[in-house]
Each structure stands twice: as C-alpha cells, then as structure tokens.
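Per our numbering, residue 359 is the first one in the sequence shown, and the count goes up by one each step. Glycine residues also receive a C-beta, built at the ideal position from the N, C-alpha and C atoms. None of these values were measured; they are calculated from a predicted model.
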Amino acid sequence: RETVLMGAAQCNPSTRKKVLSPVKFLGAYPIGDTKIEELPVREIPPAIGFYKEVLVTYTLFAIFHPFATSIESCTQGFSVVEFDTKTAKLQRGDAKIGLQVNKEDPEQASVYFSVLNIRQLRREYEDCGICPSQLSEEIVDNNDKIVRFFVKEPYGVCFCFGQKIRESRVMKVVDGSAGQERPESEDEKKPEKK
C-alpha cells in the first residue's frame, strides 16, 4: 500500500492536500541601473541568512482526510543555488537574484519582485518584524493597477514587492442591474482560445 509523506506525517493516498493562498514569486527585475545578479553586500553568509531565514512566508495547507480536515504550514524563503566567499545566487519561485561582496553602495540598489498574493506577503513580513511600508497603488497602462510595498534589507538594498491587478469591470446581469467582478491578477487570467 502506497503512502505519501507530507511534512512529518504519513498520509493515505486518498488524502487530498490543497494550498491556501500561497505567495508566489513571479520574477525579479532591476530598478534603475541596479545589477540584480550583483546586489552589493559586505559578507555572503549573513546576507544568505537574511534571504533564507528572514524573508520567509508561511504557506498554509489544508489536509483533507476522509474523516477530518487539518491545517498545516511550512515556511519558504530564498534557496541558495550556488555560493562562494564573494558571491551567491539565490532563487525563490521564478525570482532570481545574485549577491556580491563589492564596493558598490547598497543604498543605490533597488529590485522589483513581481509576486502573487501581495497583501498576504506584506502581512507575513510584518508579522516577522520586517517593517514593510504601507501598501500603495498606481494605475498603469490599460487601467491595470500595481499594488506594492517596499522593504529595505539590512545592507540598504531597497526591495519593491508588487502585484499587477486588472481593474474591476462592470458586468451586465440578465435583469439589467449591474454588479462588479473582483479584481483579477495577471496570473489568474484564463488563457485565450485561439
């Protein structure tokens, strides 16, 4: 009989596991002249620790057993792809960055992280004592909206975490009254049929 290992517990294959509102990192992009593959740090080991242990989120899982449902969680930070004494490459989801011991001013470096579930990410960072800025919104092309917040890492690099959200649209109901759809993120769009 096959069993599936989930965390520390073994579960029957008939058990279903569903992720509840995970935070996803979709990409990392430079702001200005920043080289995101060479973010300036003084030392590699403490910097890696910050990305792995401090910039974490908690993913909740609903575990559906035949007779009960339980909620479990796990933490997720950046993974170290490779490192040596002067450089490190890190990844979280589809976001890839590099750290480098160099003479550049960290206060001049900025990175934009495109994420899914921006509000949850901000709450979790706040709960971890990271002190993110307030959420702000900006209307961009096609009436889409970017919801974002900022965090400064210990060496001074500024991070902008943002999510592109499509503006609510008014939809017609059969009886002629109108209602509003919830905002749709870029990642929730259904693929267009060709």
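Taking a contact to mean a Cβ-Cβ separation below 8 angstroms, would you say residue i touches residue j in this structure?
i, j, result
"E468", "R450", "Residue identity differs from the one stated: residue 468 is Ser in this sequence, not Glu. No, the Cβ-Cβ distance between S468 and R450 is not below 8 angstroms."
"I476", "Q521", "yes"
"Y483", "I389", "no"
"Q478", "P398", "no"
"F448", "K382", "Here residue 448 turns out to be Leu, not Phe, going by the sequence shown. Taking 8 angstroms as the Cβ cut-off, L448 and K382 do not qualify as a contacting pair."
Please report how far the alpha carbon of residue i lies from the alpha carbon of residue j, in whole angstroms.
i, j, result
"F519", "P403", "24 angstroms"
"S567", "R506", "Lying outside 359 to 552, the shown extent of the chain, residue 567 is not represented and no answer is given."
"D452", "P380", "14 angstroms"
"N500", "D391", "27 angstroms"
"I488", "V509", "7 angstroms"
"G456", "Y409", "11 angstroms"
"I523", "V439", "30 angstroms"
"C516", "E496", "18 angstroms"
"E411", "C486", "10 angstroms"
"P385", "D463", "Just to set this straight, residue 385 is Gly in the shown sequence, not Pro. Cα-Cα distance, rounded: 23 angstroms."
Applying the criterion that 16 or more other CB atoms from any shown protein chain within 10 Å of the CB defines a buried residue, is residue i buried or exposed?
i, result
"R400", "exposed"
"P490", "buried"
"K444", "exposed"
"P512", "exposed"
"K461", "exposed"
"V498", "exposed"
For residue i, which of helix, strand or coil comes out of DSSP?
i, result
"I488", "coil"
"V412", "helix"
"E496", "strand"
- Task: Any chance you could list the beta strand (DSSP E) runs of at least 3 consecutive residues sitting entirely within the segment 430-466, in chain order?
- Result: Every beta strand (DSSP E) of 3 residues or more that sits fully in the segment 430-466 is shown, in chain order, as 437-441, 445-450, 453-459.
- Of all the beta strand (DSSP E) runs that stay within the bounds of the segment 373-410, which reach a length of 3 or more residues? Runs found: 374-378, 382-388, 397-399.
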